[in-house]
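Trainee: Pasting in a structure now, in structure tokens, and then I'll have a few things to ask.
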Amino acid sequence: IGQALAMRAKSFGLEIHYHNRSQIDQQLENELGATYWSSLDQMISQMDFISLNCPSTEETRPIMSGRRIKLMKKHAYIINTARGDVIDENAMLEALGAGDIAGAGLDVYENEPNVDARFMALENVVLAPHMGSATIEARIAMGEKVIINVKTFIDGHSPRNRVLI
């Protein structure tokens, strides 16, 4: 997801800076004109836009802690299309309300499907319903998984993505 976003951002002339568990392939990095930061804290303190594109794991909950939000520039924006629990929402709400960061764009929330009502009172936040899967590619992949699960069941095996009621 991060690489796809980087390609789109590059087409708008944006500089690409990233932090990842490991540095991407040098050829791809060159194609994107991307700069790798080994220190997430240093990168956060220098960026105007922070876009989170990571899974929710023990290491990433919350990758944007209150301490890291305080590292952001006063005119910086945070965008989260990853998972709601990768940001400390209370710390982000405090920073947004105090003007410590410029704004946020959120497609995911810490307590989905519930959205903290405090977001609604802020003029510097754009909220979207969780729409990350609303792409043609994602919908095709969902359909393919259904077909695989049905075939697996018909073949007498337990489907990988079964729902227990």
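Heads up: the sequence shown begins at 178 in this note's numbering, then just goes up one per residue.
A virtual CB, placed ideally from N, CA and C, is assigned to each residue, including glycine.
Output the boundary residues of the alpha helix (DSSP H) element that contains Ser222.
Mentor: Unbroken alpha helix (DSSP H) run through Ser222: 217 to 223.
Trainee: Does the region 260 to 267 come within contact of the region 220 to 236, defined as at least 3 CB pairs closer than 8 Å?
Mentor: Touching, per the Cβ criterion.
Trainee: Roughly how many angstroms lie between the CA atoms of His194 and Ile256, to the nearest whole one?
Mentor: When rounded, the distance between both Cα atoms is 14 Å.
Trainee: Taking Arg198 as the reference, which of Gly280, Leu205, Ser242, Leu217 has the closest Cα?
Mentor: Of Gly280, Leu205, Ser242, Leu217, the residue nearest in Cα terms is Leu217.
Trainee: Roughly how many angstroms lie between the CA atoms of Ile325 and Glu314, to the nearest whole one?
Mentor: Going by the C-alpha atoms only, they are around 17 Å apart.
Trainee: I need the straight-line Cα distance from Asp225 to Glu287, nearest angstrom please.
Mentor: Near 23 Å, if we compare the C-alpha coordinates of Glu287 and Asp225.
Trainee: Taking C-beta to C-beta, are Gly280 and Leu273 nearer than 8 Å?
Mentor: Yes. Within cutoff.
Trainee: Span of the beta strand (DSSP E) holding Val303?
Mentor: Where Val303 is concerned, the enclosing beta strand (DSSP E) stretches over 302 to 304.
Trainee: Does the beta-carbon of Val302 have 16 or more other beta-carbons within 10 angstroms, so that it is buried, or is it exposed?
Mentor: Burial call: buried.
Trainee: Work out the CA separation of Glu206 and Thr212 for me, nearest whole Å.
Mentor: Approximately 7 Å, taken between the alpha carbons.
Trainee: Expressed to the nearest angstrom, what Euclidean distance is found between the alpha-carbon atoms of Ala298 and Val327?
Mentor: Cα to Cα, the separation comes out at about 45 Å.
Trainee: Within 10 Å of its beta-carbon, does Met319 have 16 or more other beta-carbons around it, so buried, or fewer, so exposed?
Mentor: The residue is exposed, with fewer than 16 neighbouring Cβ atoms inside 10 Å.
Trainee: Please report how far the alpha carbon of Thr329 lies from the alpha carbon of Glu321, in whole angstroms.
Mentor: One C-alpha to the other measures close to 12 Å.
Trainee: Got a sec? Which residues, its chain only, sit under 8 Å from Asp173 by beta carbon, not counting five neighbours each side?
Mentor: It is not possible to answer for residue 173, since the shown part of the chain is limited to 178 through 342.
Trainee: Do you know whose CA, among Gly179, Pro306, Ile264, Ile317, lies nearest Pro200's CA?
Mentor: Checking the displayed sequence, the identity of residue 200 turns out to be Gln instead of Pro. Among Gly179, Pro306, Ile264, Ile317, the Cα nearest to that of Gln200 belongs to Gly179.
Trainee: Work out the CA separation of Ile331 and Arg185 for me, nearest whole Å.
Mentor: Their backbone Cα atoms lie some 41 Å apart in a straight line.
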